[in-house]
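Asks: Could you have a look at this structure, given as structure tokens, before my questions?
In structure tokens:
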């Protein structure tokens, strides 16, 4: 399965884990989760849904209602409601537990983070630390590139590269705060307040929540409920 289709599968299963939805509502929620810069079309969503149904991960509650493509005249949408099967719930749990290198990449990380409220603390830590490591590697390359650009390109090109560098630096600082918060909550100590990351948007899909730590319930993370995109926060 391709990387982009894997992200969409994870997002669909995660949203339907909360409650069944019909395709129109699911598309709206996915566009919030994945971000406005990656608006999802029905031509992308419905093949994914049909594939998940064929694999036994989703069940159609209204299989007798035939899908009619919307036009300016009829405005019709499918009335089929999709819900997770037992196999679909198991598949979502497997994806939720994945903390390998794919989970650190730009597209995957944003979706993983959206479902951190349902993710085991140890998995959250591995994903956050892996993401930070990946961005630190990127920072080193970008700094070397910027040093060369100062000698070869005009001021505007240099400023564009510097802007990208600063965006990644902000995300690294934000990750440091989140990691410290996770460690503080694990030991029962009040953690620092997490700051926002203003560099939202592709490829950086991970925004800070501005959530205060030191919550009266130290067992859970200081994150919002899943189903909201990083860009929206």
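Residue numbers (my numbering): 11 to 243.
Built from N, CA and C at the ideal position, the CB exists for glycine as well.
A quick note: this is a predicted structure, and the numbers were derived from the prediction, not measured.
#1: Assign residue 100 to buried or exposed, taking buried as 16 or more other Cβ atoms, counted over all protein chains shown, within 10 Å of its Cβ.
#2: By the 10 Å Cβ neighbour count, where 16 or more other Cβ atoms means buried, how is residue 132 classified, buried or exposed?
#3: Look at residue 126 and residue 136 and say whether their C-beta atoms are less than 8 Å apart.
#4: What residue from 16, 45, 40, 41 has the CA that sits closest to residue 62's CA?
#5: How far does the alpha helix (DSSP H) with residue 117 in it reach, from first residue to last?
#6: I'd like to know whether the C-beta atoms of residue 33 and residue 18 end up nearer to each other than 8 Å.
#7: To the nearest angstrom, how far is the alpha carbon of residue 27 from that of residue 183?
#8: Less than 8 Å between the CB atoms is what I'm expecting for residue 98 and residue 23, so what's the real figure, rounded?
#9: Among 149, 128, 104, 122, which residue has its Cα nearest to the Cα of residue 246?
#10: Just checking, does the segment 166-178 make contact with the segment 138-157 on the three C-beta pairs under 8 Å criterion?
#11: Once you ignore the five residues that flank residue 114 on each side, which residues in its own chain have a CB closer than 8 Å to its CB?
#12: Could you work out which residue in 153, 186, 185 is closest to residue 170 when comparing CA atoms only?
#13: Going by beta-carbon coordinates alone, are residue 124 and residue 188 separated by less than 8 Å?
#14: Out of curiosity, what's the CA-to-CA distance linking residue 83 and residue 66?
#15: Beta carbon of residue 168, beta carbon of residue 158: below 8 Å?
#16: Would you tell me roughly how many angstroms separate the C-alpha atoms of residue 209 and residue 179, rounded to the nearest one?
#17: With a threshold of 7 Å on Cβ separation, who are the neighbours of residue 106 within its own chain once the five nearest residues in sequence on each side are excluded?
#18: Among all the DSSP beta bridges, which residues are the ones paired with residue 27?
#19: Between the alpha carbons of residue 52 and residue 64, how many angstroms are there, rounded?
#20: Of all the options 90, 103, 162, 117, which has the alpha carbon lying nearest to the alpha carbon of residue 31?
#21: State buried or exposed for residue 92, treating a residue as buried only when at least 16 other CB atoms are found within 10 Å of its CB.
#22: Classify residue 192 as buried or exposed, calling it buried when 16 or more other Cβ atoms lie within 10 Å of its own Cβ.
Replies: To lay it out plainly:
#1: exposed
#2: exposed
#3: Result no, Cβ atoms of residue 126 and residue 136 do not sit closer than 8 Å.
#4: 16
#5: Element bounds for residue 117: 116-124.
#6: no
#7: 32 Å
#8: 6 Å
#9: Outside the modelled stretch of the chain, which goes from 11 to 243, sits residue 246, for which no answer is possible.
#10: yes
#11: 137, 140, 141, 143, 144
#12: 153
#13: no
#14: With a pLDDT of 44 at residue 83, under the threshold of 50, the modelled position of that residue is not reliable, and the figure given next carries that caveat. So the two alpha carbons sit approximately 34 Å from each other.
#15: no
#16: With a pLDDT of 35 at residue 209, under the threshold of 50, the modelled position of that residue is not reliable, and no figure is offered here.
#17: 125, 128, 129
#18: Residue 27 has no beta-bridge partner at all, per DSSP.
#19: 18 Å
#20: 90
#21: buried
#22: buried
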